[in-house]
Amino acid sequence: MYVKIALPVPLRKAFDYHCGASTNLPRGARVRVPFGSRNLVGVVLGHSETPEFDRSKIRPVSKIIDHEPILPENLLSLLEWTAGYYHHPVGETIFTALPTLVRQTRSVHGEPAACWVLTAAGRALQDNSVKGKVQQRLLALFRQNDDPVSETSLRAISASARQSLQRMAHKGWVEPVECPPETTPVKPADTTANVDRHRLNADQDAAVSAINAASGFASFVLHGVTGSGKTEVYIRTARNMLEQGRQVLILTPEIGLTPQLTGRLEYSLGVTASVLHSGLNDSERLQAWRHAREGRSRLIIGTRSSIFTPAPELGMIIVDEEHDLSYKQQDGLRYNARDVALMRARREGIPIVLGSATPSLESWANCEAGRHQLLSLPQRAGNAQPPAMQFLDMRKTPSLDGLSPQLLDAIREQVGKGEQTLLFLNRRGYSPVLYCADCGWIAPCQRCDARLTWHKRDRRLRCHHCGADFPVYEHCPECEGKNLTSVGEGTERIEDSLQTAVPNARLLRIDRDSMSRKHALENALRLIHERQVDILIGTQMLSKGHHFPDVTLVAVINADSALYSTDFRAPERLFQLVTQVAGRAGRADKPGRVLIQTAHPDNPVYRQIVCDDYPAFADAQLAERRDIGYPPYRYFALLRAESVKQDAALQFLDQARQMALPLLPEGVSLSDAIPSPMQRRAGRWRAQLLAQGPARKNLHAFLNQWLQKLDKESGARRGVRWSVDIDPMEMN
Numbered sequence: 060m061y062v063k064i065a066l067p068v069p070l071r072k073a074f075d076y077h078c079g080a081s082t083n084l085p086r087g088a089r090v091r092v093p094f095g096s097r098n099l100v101g102v103v104l105g106h107s108e109t110p111e112f113d114r115s116k117i118r119p120v121s122k123i124i125d126h127e128p129i130l131p132e133n134l135l136s137l138l139e140w141t142a143g144y145y146h147h148p149v150g151e152t153i154f155t156a157l158p159t160l161v162r163q164t165r166s167v168h169g170e171p172a173a174c175w176v177l178t179a180a181g182r183a184l185q186d187n188s189v190k191g192k193v194q195q196r197l198l199a200l201f202r203q204n205d206d207p208v209s210e211t212s213l214r215a216i217s218a219s220a221r222q223s224l225q226r227m228a229h230k231g232w233v234e235p236v237e238c239p240p241e242t243t244p245v246k247p248a249d250t251t252a253n254v255d256r257h258r259l260n261a262d263q264d265a266a267v268s269a270i271n272a273a274s275g276f277a278s279f280v281l282h283g284v285t286g287s288g289k290t291e292v293y294i295r296t297a298r299n300m301l302e303q304g305r306q307v308l309i310l311t312p313e314i315g316l317t318p319q320l321t322g323r324l325e326y327s328l329g330v331t332a333s334v335l336h337s338g339l340n341d342s343e344r345l346q347a348w349r350h351a352r353e354g355r356s357r358l359i360i361g362t363r364s365s366i367f368t369p370a371p372e373l374g375m376i377i378v379d380e381e382h383d384l385s386y387k388q389q390d391g392l393r394y395n396a397r398d399v400a401l402m403r404a405r406r407e408g409i410p411i412v413l414g415s416a417t418p419s420l421e422s423w424a425n426c427e428a429g430r431h432q433l434l435s436l437p438q439r440a441g442n443a444q445p446p447a448m449q450f451l452d453m454r455k456t457p458s459l460d461g462l463s464p465q466l467l468d469a470i471r472e473q474v475g476k477g478e479q480t481l482l483f484l485n486r487r488g489y490s491p492v493l494y495c496a497d498c499g500w501i502a503p504c505q506r507c508d509a510r511l512t513w514h515k516r517d518r519r520l521r522c523h524h525c526g527a528d529f530p531v532y533e534h535c536p537e538c539e540g541k542n543l544t545s546v547g548e549g550t551e552r553i554e555d556s557l558q559t560a561v562p563n564a565r566l567l568r569i570d571r572d573s574m575s576r577k578h579a580l581e582n583a584l585r586l587i588h589e590r591q592v593d594i595l596i597g598t599q600m601l602s603k604g605h606h607f608p609d610v611t612l613v614a615v616i617n618a619d620s621a622l623y624s625t626d627f628r629a630p631e632r633l634f635q636l637v638t639q640v641a642g643r644a645g646r647a648d649k650p651g652r653v654l655i656q657t658a659h660p661d662n663p664v665y666r667q668i669v670c671d672d673y674p675a676f677a678d679a680q681l682a683e684r685r686d687i688g689y690p691p692y693r694y695f696a697l698l699r700a701e702s703v704k705q706d707a708a709l710q711f712l713d714q715a716r717q718m719a720l721p722l723l724p725e726g727v728s729l730s731d732a733i734p735s736p737m738q739r740r741a742g743r744w745r746a747q748l749l750a751q752g753p754a755r756k757n758l759h760a761f762l763n764q765w766l767q768k769l770d771k772e773s774g775a776r777r778g779v780r781w782s783v784d785i786d787p788m789e790m791n
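If you use my numbering, the sequence shown closes out at 791, no skipped numbers anywhere.
Below is the structure:
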């Protein structure tokens with residue numbers, strides 16, 4: 060009997076191994092197998108009587124780790140589909156879905172806990188024959204329990220319990236045994252525990268009714284303006300599923316959003332959620348994964364990779380902020396979690412809700428085509444009103460470190476009223492440029508086509524692309540001059556300027572630098588809600604999903620950076636970003652105001668933002684894309700290559716293009732190989748080649764043939780790394 064094994068290696072195939080004829084290895088079980096000079100953990104994909112290779116060269120399975128599947132069939136087949144659609148090695152795809160400890164040999168059921176029992180000699184002991192208070196207390200605990208006693212329980216008696224146990228074992232009074240793992244009890248679902256008593260408005264009620272009425276697979280786009288109560292719709296529909304004994308999986312784009320969302324859902328639904336994201340340690344992630352896999356957790360909340368979490372009673376998937384770029388993995392397995400979620404819902408015959416104030420144009424087009432049902436929440440919930448929006452024309456206004464006089468006056472007024480202000484600038488650090496005023500030298504990254512960012516607090520120059528980190532220069536390395544100055548603003552500089560301009564204000568900066576410690580963001584959000592902060596200064600970490608009821612002024616310090624992008628998605632992202640940031644203002648009963656500093660106040664995108672008319676914007680953008688043949692009306696696949704040699708990546712792609720030309724089906728086209736917009740990154744030279752076509756089927760059939768040829772031509776890519784990006788979200 061031969062088995063096909065998926066291994067975590069960068070090869071687009073499964074591998075044949077031999078196992079005994081009587082061995083029953085189920086699909087989805089783990090094994091350990093020899094691979095070259097290594098021993099690897101693999102996952103069984105199937106069986107065969109006739110292997111693809113010479114039988115004499117096929118090696119045996121070294122060890123069987125599981126006698127049952129660790130992944131259910133529906134999830135394993137979804138992972139195989141994911142590997143096929145994204146043209147990624149199936150073994151790497153499957154192992155991406157597993158917690159780190161399960162990728163090794165950790166039991167999916169938990170390791171047997173260390174337990175102890177009394178021996179016959181121990182049971183015959185007289186109380187007065189045992190010396191030492193700790194041993195006497197241990198003996199009393201054993202006699203109170205007929206079952207084995209866990210070491211955890213015994214060690215709770217005294218810090219020296221382990222040593223006392225060893226002495227008792229040496230005397231033959233106790234012996235260690237295996238016992239089932241201790242588990243953390245999961246709170247039962249009591250969905251009426253904290254039911255919100257306020258009434259839904261008519262639009263919310265219609266959305267809840269439509270989702271709850273779904274039978275089998277149905278996909279909904281929940282388009283709600285910021286503050287419209289999308290989370291309340293999630294709660295009501297999730298409650299409906301939990302009352303049926305089903306599980307609910309909710310995806311969120313950012314780790315920072317999970318505590319707030321989790322807290323509200325757990326409180327409203329009366330359940331404890333399994334939360335999965337990269338901020339957990341390996342043991343925490345494994346425990347959450349196990350609880351979901353066993354059906355003990357009815358509510359599962361997590362970031363991108365959580366879409367691969369096993370859930371035997373899954374009844375609904377919710378993708379919050381479905382437009383967010385964070386759902387697209389940008390290296391390795393370049394999957395889009397939103398699209399995988401749609402496929403999982405379809406395969407499992409369950410409803411899926413895609414929620415956003417600014418849905419992706421792909422989702423909007425699917426609504427127009429009738430593939431998704433559009434549910435609209437056009438009004439803010441409760442008494443909240445949309446914020447008043449005003450553009451500050453920076454062409455006519457001097458500024459102090461990026462802050463206009465009008466903005467500073469508005470901030471001071473806010474502080475005087477005791478109301479909170481949020482300032483958004485999507486650039487961390489103090490300044491993006493360190494410049495020599497004597498000779499014009501600019502501090503470059505030696506490994507990237509990028510400039511180093513000055514971090515004043517740490518006195519470091521850092522590259523935000525490759526992570527290079529240097530002490531700040533004391534003098535110019537070109538001319539030896541000491542007239543070094545910073546140009547441009549980052550969040551650090553805004554914070555410093557406000558400390559001078561508004562000295563009585565309490566400031567809080569939220570970006571990746573200031574929030575690097577564990578629980579730092581949770582603590583910062585607590586300070587905001589306790590009104591211990593007057594002015595919040597932040598990057599994209601603050602722009603989405605957060606509810607700040609006391610923020611009544613939001614300012615976008617430099618929105619124009621998105622206007623200069625060559626990416627065809629730049630207008631869509633600008634609309635989404637400004638709308639999301641503006642949505643933090645006036646979410647309770649206080650009116651909100653939004654100030655946007657720009658040198659282009661007449662830009663058409665800004666005019667549509669002011670009108671708060673996303674449908675009109677989306678329709679106009681889709682019409683443009685339809686006319687020029689861009690997604691979602693054509694399908695893209697980007698072949699990327701990189702090398703430490705300057706011309707190697709381009710040469711490889713030129714050769715790859717020549718291989719592809721005879722294979723091109725009708726309608727599929729190839730661009731020329733070109734340098735990437737940032738040609739050098741982390742010491743590697745990068746290039747790309749775009750394949751596109753009007754039909755997915757033809758494009759993917761071509762890619763299958765082309766990539767097989769590229770895999771075989773190992774000599775053509777010596778020293779070159781390459782990968783394919785299906786449905787790329789960034790062209791850089």
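Using N, Cα and C, we set each Cβ at its ideal position, and we do this for glycine too.
Return the chain-ordered list of same chain residues with a C-beta closer than 6 Å to the C-beta of residue i, the five sequence neighbours on each side being excluded.
| i | result |
| --- | --- |
| T242 | Residue confidence for T242 is low, a pLDDT of 45 falling below 50, so the modelled location carries little weight and cannot support an answer. |
| F529 | L520 |
| A142 | V149 and T152 |
| S581 | A quick correction: the sequence has Glu, not Ser, at residue 581. Cβ neighbours of E581 beyond the five flanking positions: P318. |
| M574 | L580 |
| T625 | none |
| L633 | A621 and V664 |
If residue i and residue j are in contact, beta carbons under 8 Å, what's the gap, nearest whole angstrom?
| i | j | result |
| --- | --- | --- |
| A370 | L308 | 6 Å |
| D784 | L697 | 4 Å |
| A682 | L712 | Their Cβ separation, rounded to whole angstroms, is 33 Å, which puts A682 and L712 out of contact at 8 Å. |
| I270 | P410 | 6 Å |
| R439 | G286 | 4 Å |
| M572 | H514 | Note on identity: in this sequence residue 572 is Asp, with Met being the wrong assignment. The Cβ separation is near 7 Å, so the contact holds. |
Output needed for residue i: all residues of its chain with C-beta closer than 8 Å, excluding positions within five of it in sequence on either side, in chain order.
| i | result |
| --- | --- |
| K577 | G338 |
| R118 | Y76, H77, V92 and P93 |
| D648 | G441, N442 and A443 |
| P244 | With a pLDDT of only 39 at P244, under 50, the local geometry of the prediction cannot be trusted, and no value is derived from it. |
| L200 | V208, S212, L213 and I216 |
| G726 | G752, P753, A754 and N757 |
Is the beta carbon of residue j closer than 8 Å to that of residue i?
| i | j | result |
| --- | --- | --- |
| R693 | P630 | no |
| L130 | V103 | no |
| E151 | P67 | yes |
| L320 | T331 | no |
| C27 | M790 | This structure gives no information on residue 27, because the portion of the chain shown stretches from 60 to 791. |
| L5 | A750 | Within the shown structure, residues of the chain are numbered from 60 to 791, placing residue 5 beyond reach of any answer. |
| T480 | L584 | no |
| N617 | V474 | no |
| G408 | F279 | no |
| A777 | R745 | The displayed chain sequence assigns Arg, not Ala, to residue 777. Taking 8 Å as the Cβ cut-off, R777 and R745 do not qualify as a contacting pair. |
| L373 | R298 | no |
| L482 | L493 | no |
| Q591 | R565 | yes |
Cutting at 7 Å between CB atoms, please list the residues of its own chain near residue i, excluding the five before and the five after it.
| i | result |
| --- | --- |
| H382 | S415, T417, P418, S419 and Q635 |
| A65 | A73, G101, V102, L104, V149, G150 and I153 |
| N395 | Y386, K387 and D786 |
| V334 | T317, T321, A347, I360 and G361 |
| C535 | C495, D497, C498, W500 and L543 |
| L793 | Because the chain spans 60 through 791 in this model, residue 793 falls outside it and cannot be assessed. |
In the DSSP output, what is residue i paired with across the bridge?
| i | result |
| --- | --- |
| E701 | R745 and R780 |
| D206 | BP columns for D206 are empty, so no partner. |
| F94 | R97 |
| P235 | W175 |
Between residue i and the ligand NAP, is the CB less than 7 Å from at least one heavy atom?
| i | result |
| --- | --- |
| P650 | Among the ligands in the structure shown, none appear at all, so the ligand NAP cannot be discussed. |
Practice item. Say whether the segment 228-236 touches the segment 178-189, bearing in mind that this needs 3 or more beta-carbon pairs closer than 8 Å, one atom from each stretch. Key: yes
**Study point:** Three or more C-beta pairs below 8 Å linking the segment 339-347 and the segment 105-125
**Key:** In short, these stretches do not touch, since the Cβ pair count stays below three.
Point to revise | Contact the segment 485-498 vs the segment 530-550: 3+ CB pairs below 8 Å | key: yes
Practice item. Report yes or no: do the segment 545-557 and the segment 765-774 share at least 3 C-beta pairs separated by less than 8 Å? Key: no
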